[in-house]
Amino acid sequence: QEMEGFVFSLSKTIITSFLVLCSGGLFLILLTWRSDIKLNCLYRKVPLKIALKVLLKDKFNQIFEEDIQKLSECSSSRYFVNKKIKYVWSPEISGFVKIKNLDEGMKQGDFHKLKEGIGCFTVSDRIQEYGENLIKISVPPVFYLLFHEALNPFYLFQAYTIILWSLQFYWKFAVIIAITSVISVTASVWETRKQNRNLRDKMKSESRVTLLRDGRVVEISSIEMVPGDVVLLPTNGGYMMECDAVLVEGTCVVNESMLTGESIPITKIPVPDDEVTTFNYDLHRQHVVFCGTELMQGKAQSGRYVKAVVIRTGFTTTKGELVRAILFPPPLDFAFHRDFLKSIYVFLTLGLIGMSYSLYVWIINGGTMAECLLNSFDILTFVVPPILPAALTANNAFAQKRLQKEGIFCLHSKHICLCGGIDVVAFDKTGTLTDSVLDLAAVVESKNAQFQESIKEPRQLPTESLMLQCMATCHSLIKMDGELTGNPLDVKLFEAIAWELVEFKHSNVNPDYGFQTPVLVFPPKYSGYGGVYSSAPRSSSNLEIAPLKTYPFDSAVQRMTVVAKKKGASHFDVFIKGAPEKIMGLSRPETVPQNFVAILQSYTKQGFRVIAAAVKSLNSNLSWSEVDKIHRNDLEKDAVFLGLIIMQNLVKEETYAAIKDLHDADINSVMVTGDNILTAISVGRDCQLVKSDQTVIRVEAEINQCQQLNVSYTLEENEKSNLVHDSNFIKSVQDMNYVFACDGKTFAHIRNNDRALLDRIVQRGKIFARMLPEQKIHLIECMKDLGRQVIMCGDGCNDCGALKTAHAGISLSMAEASVAAPFTSRHVNISCVPYLIREGRTTLVSAFASFKFGVAFCFTQLIAVLMVFYIGTEPSDNQYLVVDIGLAALPIVMIGNCGPHHSLVKQKPSRHLLSFLPLFSIISFLFFQTLTYVGVWFYVQTQSWFVPYKFKAGLYPPNPSYEQTNIFLLSGAAAVIAAIVFSKGTPYRKPLITNGIMAAWTICAAVTVVFMSLYRTEDFARRLNMKIAPSPEYQYILVVIMVCNCIFCYMWENYLLDGILFFKVLPWYKERIRGPHLPFEKLEQELTSKSGWPPIGDCKNNEIKIAVSVEGSSSNEIGRSTSSHGHSNNNPSPTSDVTPAEIIREVKRNIKNRWSSSSPGASPATEEDKTHLLASPKDSPPPYQTNYSVNLSSLGGTRDLRSKSGSSNITEFSSPLNESKMLSRTSNSTSTVTTKPESSSSSSMHRKETSC
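The numbers in full-length UniProt numbering rise by one with no breaks, and the one at position 961 of the sequence shown is 961.
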């Protein structure tokens, strides 16, 4: 984000050295902490052109200092390296830019020009430019790590404490702190080196590779590879890629699980020899073999090798980017940590005030110089809990261990606390909410643009069926150890038809085809035959198909394509399989059934996943070499539509309970999928992700000819709250109980053209379908921009980006850990999500508990010490030991060892440490303890046996006193009370009693305090420097005061602060007084108060307005009006005879009219309840006829259609589609339709349409 240049300054260095000497080296510590301060103190700013050092600030405000170097001694080119990426000087912009990768800006055909490799001079230049092909992860030396760890502000404060206590001869606790600090630093250094070594050993890879250079085959180390080299990949598999390379000859199957966590074999195909299309690294991934992936199998076009051009090496590869993400993760924006640092500054300020008071008191009392200074400096050690950082680390460790027991593995423990404030969970659909394995439900063929009967068993199709042949060839399956391997969907389809697949890895030209045929497929009935292919079985019908060229499925294009040829045929066939909308767009219109949309919707609304198929027969005059050069788009266009493949994807059993838990906790859940939007809505309804009382409004957007954004809001036919099924729908929308569903295309249009509308859609969005991987990332980022804390849960490689972008990503994988996300669940279902949120809340509450206890303990001790300083005495070393070691060391660490509560509650725990309630909790506790101290202080002075303390300078330990003894006992009790009060259980954690070690300590600590208060031997009193009261009754009263103090503080904290203020008053305050605070809260308030929006059934930019009212008398009426060619007729008569069909036509026109419709049959309706799940299209209700049940009294109809018995006002009738025509739009006219009610209480709808 920012870049500044510097050169060395001798004058600044001299001045800085003087400041370091004057400050005793403290200023030098500051220079080591901040690179910006160091550069500004030792260097001077200059233009980047002549700079020797550069100061960088990234988008996270992290600061980096880098040295500027030259590419070579004889070169004037300059560069620096930041986060393992090289930035070079660009004279054109007079600045440094990221080094350009070889593939950027290249045409696809340019890679084919590099088939023979590059020359030695080019190799030398590119080694200087790009460096070695090595993902080098350095392990810092031990002394370097020790030095930087020791300069941590916390350890510097620990060193200050140890030195001060040693000067006071409080060496026992000083030694303990020193030992714990050494152990902590050593453990941190050891862990850092261990992680770096493990990452280095895992990511470092070097092997011998075969290259083409200057047309010659050479074998070198993979480290010496440079972009532009041609690497020869073996076809026998078992080869690990050491770079990113684009295939130019041959195909291969790779395993990308190391990068994506998904072990499904992926087929890679050569890049087309296209001189027009620009290569895109992100969109053309089917041509790229990535570094770190395993080559399982290859098929050479000629010879024994598959050829690929190296495009990226080292840290610029996909694997390198992954390593960089691990080495340089974005900083966590955790409110607790920010507030913790702020609180330290406040505590230090209070400590300075306490130091001033202590110095004044000791001077007034006549203390020695050593007593005055040491006791005053000692005050500063009270205000910062020395073990608090270790306690917070222990909390995360406890949580990590509990998660591991539940089968959830955590790579970054700091993310656990972030799960405590989650308010949105985004789910992928397939494999996450539903089973990952799809079952074939039916096949629906299309012949002569007419759908045929659905067939549950595709084996029943004749072998001549093109649909059957498409299922047999349009896949990227391979055989590994005799088993079919590949996409599970392709495996299911191929197994369903029971065909055979035979591979020939090193085959000659097949005489039956005239060229090589690496793969053959054929029906199951066969007999052997001779020749080179004698091992291949043959069909009795002599049908045999050779898939020759495959374009694997890509989510960016939502389809896959295969070029194949049948034995004996004179032409080649192109089989296409993919999303129905895509296939329909590629097919000739006359081959697509007219009821395509209706039939597609009839299946998708039932939750089925639908795949369409098409075929195209190429010109018989084309040879294979000519076909191989045809662009994919030309191969696919004008295909013949073949039909639909219906896949069943059942919702996982665990999904229902998990979604219910999230809803009960008022945590929003959304679906982000690449599947069809109607299927997604159906699954969302099925698993209750969309609640039964919510209305789904589908949002669609397009850019019109005037480059304006047109947005429509429509209701799907299967919505239970639809007006024609339930008249309460209008009230549902008025009550703002609606959610949005949109697809990736709409999301992209809105995101690029209307940010304000995008925020609204994301705020109320429930279903996001047909989303590309990058769109999933954009959606998560938009949620975060609105102030949401988001969990993303997915299982596929398409989810990797979103998993990393979210506050907490959960990868559902059988592996122990996935690099794609901070969390990995071994149980492949979403039951882990509610548990992770419960664990996050527990860890967050435990962090608050540790902080509260630490602060309460330190400040109760501080108050106690300042009170006894007033009379010139102080606690003894043994008293400090009892309190510091016996009563404080263990609870601050073990207070977080409580498991999560068994349920999620709606109220989320506080995320801000410096908010009102946490601060009020601590301050009120300290206030009550201070009152107790002061009360007992004056109460003991009223006793008849009381003897005032007499100060003696230089005496240590001081003489025992009644005041100091009572304050010491009360401070010990305060530590126990703080541990009990702040170790909260319900509703976020299990009770204290379940924390075995903590519960045992609580009992022992309470007994110890009571024992010290009641035990009366002289030896015990002498060891602790106590002066015991001669009256046993006083001791009992003191114990009663402690017990009452504990009970009062417990009730104050748990019943008043938590039970009333936190769970009742705070929500009321936020809702009624403070109002919305975060962006998404303000947006929700705006949407709730916005009447007439969204304009259901209409376009945003056409200024359509709808005002709907359902309150009033039961005689509401809907008037009729017509419009034709720009002329309107608004003469509704209150006595007009309105038929039910006309009422429904008007309702449908006003509620379901869509701007995108261009024909009367664009939005056919079906009656889902009467359609069997696998009903044949012929058995389904015709697309032009729909039955509705309408409550006429609620619609205000003027005809009484009750049955003869008069017991019902419900009637059924059919509504032909041609009676519900959409309003025509013309480019030169404006149509206005106004519907006026008979009375003020009747429904009214106003509609205005304007042309572009």
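Ideal Cβ positions, reconstructed from N, Cα and C, are used throughout, including at glycine.
Residue range 832-869 is occupied by the alpha helix (DSSP H) that includes Ala-847, with no beta strand (DSSP E) assigned at that position.
DSSP, reduced to helix, strand and coil, places Cys-474 outside both helices and strands of the structure shown, so it counts as coil. Beta-bridge annotation (DSSP): Leu-211 is paired with Val-218 and Val-231. Ile-455 sits in a strand when the DSSP states are folded into three classes. The criterion of a C-beta distance shorter than 8 Å is satisfied by Ser-620 and Ser-570. Put simply, the segment 591-603 does not touch the segment 659-669. Fewer than three CB pairs are less than 8 Å apart. By DSSP's assignment, Met-240 forms a beta bridge with Glu-294. Between Ala-864 and Tyr-933, the CB-CB gap stays under 8 Å.
Going by beta carbons, Trp-945 and Ala-1021 fall outside the 8 Å limit.
Nearest neighbour of Thr-210 by Cα position, chosen from Leu-151, Tyr-305 and Glu-256, turns out to be Tyr-305. Here His-1077 is exposed, its C-beta having fewer than 16 other C-beta atoms within 10 Å. When the Cα atoms are used, Glu-1081 and Gly-1075 turn out to be separated by approximately 8 Å.
Here the alpha carbon of Gln-286 sits roughly 23 Å from the alpha carbon of Lys-429. Following the DSSP letters along the chain, one finds Tyr-933 inside the alpha helix (DSSP H) bounded by residues 916-941.
Gln-648: member of the beta strand (DSSP E) spanning 640-648, first to last residue.
About 5 Å separates the beta carbons of Leu-466 and Val-615, which is inside the 8 Å limit, making them a contact pair. Take the alpha-carbon of Met-1012 and the one of Leu-969: they are about 7 Å apart. Nearest C-alpha to Val-893 among Ala-808, Val-139, His-337 and Ala-394: Ala-394. Per DSSP, the beta bridge partners of Gln-69 are Tyr-79.
In this structure, DSSP gives Asn-668 an extended state, which the three-state scheme calls strand. A residue is called buried when at least 16 other Cβ atoms come within 10 angstroms of its Cβ; Thr-368 does not meet this threshold and is exposed.
When rounded, the separation of the alpha-carbon atoms in Pro-958 and Glu-371 is 12 Å. Taking each of Lys-12, Glu-4 and Ser-23 in turn and checking the Cα distance to Ile-63, the smallest one comes out for Glu-4. Take the alpha-carbon of Ser-669 and the one of Ser-617: they are about 46 Å apart.
When C-alpha distances from Glu-249 are compared across Thr-317, Lys-299 and Cys-243, the shortest belongs to Lys-299. Excluding sequence positions up to five before and after Leu-350, its CB lies within less than 7 Å of the CB of Val-383, all in the same chain and listed in chain order. With respect to the C-alpha of Thr-873, the residue from Pro-918, Pro-960, Cys-800 and Phe-857 having the closest C-alpha is Pro-960.
Nearest C-alpha to Gly-431 among Thr-942, Pro-270, Ser-9 and Ser-825: Ser-825.
Check the Cα spacing between Glu-242 and each of Leu-844, Val-231 and Leu-757: the tightest is with Val-231.
Cβ neighbours of Val-443 within its own chain (closer than 6 Å, five residues either side excluded): Ile-455, Pro-458 and Ile-645. For Tyr-713, the pairing in a beta bridge is given by DSSP as Val-699 and Ile-1096.
Tyr-738 is bridged by DSSP to Thr-695. Nearest Cα to Ala-496 within the set Leu-440, Cys-474 and Tyr-551: Leu-440.
For Leu-489, the enclosing alpha helix (DSSP H) starts and ends at 488-497. Per the coordinates, the alpha-carbon of Ile-659 lies some 31 Å from the alpha-carbon of Phe-553.
DSSP places Asp-785 inside the alpha helix (DSSP H), whose first and last residues are 773-785.
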